[in-house]
Structures are given as C-alpha cells and as structure tokens.
Amino acid sequence: LINVNLRENLAILEHPFSRSKLLVDTRYLDNWSGRLKSFQQFIGEIVKYNNTDISDKFNNPSIKTYNNGIILKANIVRCVDGLDFHVYEKVIDIRRDFEQKYFVKSKIKM
8 LINVNLRENL AILEHPFSRS KLLVDTRYLD NWSGRLKSFQ QFIGEIVKYN NTDISDKFNN
68 PSIKTYNNGI ILKANIVRCV DGLDFHVYEK VIDIRRDFEQ KYFVKSKIKM
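Position 7 of the sequence shown, counted from 1, bears residue number 14 in our numbering, the numbering being contiguous throughout.
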C-alpha cells in the first residue's frame with residue numbers, strides 16, 4: 008500500500024517486484040484505515056474507470072499514470088505482512104495452470 012485517501016475512499020497498491028500499480032476503491036470496506044507500506048490483499052471486482060482527473064485526490068502529481076483505466080472495487084481486505092511473495096507467486100502460477108488445464112477446457116466442451 009503506497010498511498011491512501013480515506014476521505015475519497017481510494018488507495019494505491021504497488022506490486023513489490025514489478026512495481027505495477029492498481030487503484031482501489033475502498034468504500035465498501037468497514038473500518039479499514041490503510042497502513043502505508045504494509046502488504047494488503049484485496050478481493051473485489053475490477054471495473055473500468057473513466058475519471059482521468061484523480062490526481063487531485065492524492066498528494067502525488069503523477070497519479071494519472073497509475074490510472075490504467077481500471078479500478079478494483081474492494082469488498083474484502085486482509086493484511087499479508089510477512090508473506091513470502093516468491094512462494095505466493097509460484098502458488099498462483101500453479102493454480103492458474105491447473106485452472107487452465109481443467110476448467111477452461113471443460114467449459115469449451117459444454
């Protein structure tokens with residue numbers, strides 16, 4: 008979590024390795040305060056985001072470059088400080104391979 012605006016219910020996440028960023032709408036999270044520089048995992052819905060002038064909502068003039076046209080509308084959040092991200096990414100890759108192999112093909116056959 009690299010930036011948060013509690014008044015606007017917005018946060019910016021940054022991937023620890025790729026440095027890619029994601030804008031998160033936190034309005035549906037009860038009692039979430041957002042501790043900067045902590046590792047947070049959000050679950051929600053990815054939607055297109057049309058507001059190109061969000062730089063006013065953060066103290067960062069380059070925020071427009073983070074707005075890649077999508078925003079995560081978060082419903083669930085948990086702190087994952089201490090998580091080994093190398094192992095986590097390997098697990099995610101294994102799961103994606105499994106789903107690709109067993110679920111995508113079965114959906115096509117239907």
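We treat Cβ as the ideally placed atom computed from N, Cα and C, and that holds for glycine.
The alpha helix (DSSP H) with residue i in it runs from where to where?
i: K97; result: 92-106
Let's see if you can read the secondary structure: which residues bound the beta strand (DSSP E) around residue i?
i: R42; result: Segment: none, R42 is in no beta strand (DSSP E) and carries neither H nor E.
i: N12; result: 10-12
i: V84; result: 77-86
According to DSSP, is residue i helix, strand or coil?
i: R26; result: coil
i: R34; result: coil
Could you name the residues of the same chain whose beta carbon sits closer than 7 angstroms to that of residue i, not counting the 5 residues immediately before and after it, in chain order?
i: R102; result: none
i: V11; result: A18, G41, L43
Could you tell me which residues DSSP puts in a beta bridge with residue i?
i: L20; result: L29
i: F49; result: V84
Looking only at its chain, what residues have a beta carbon closer than 6 angstroms to the beta carbon of residue i, apart from the 5 residues adjacent to it on each side?
i: I83; result: I50
i: Y35; result: N82
i: D88; result: S45, F46
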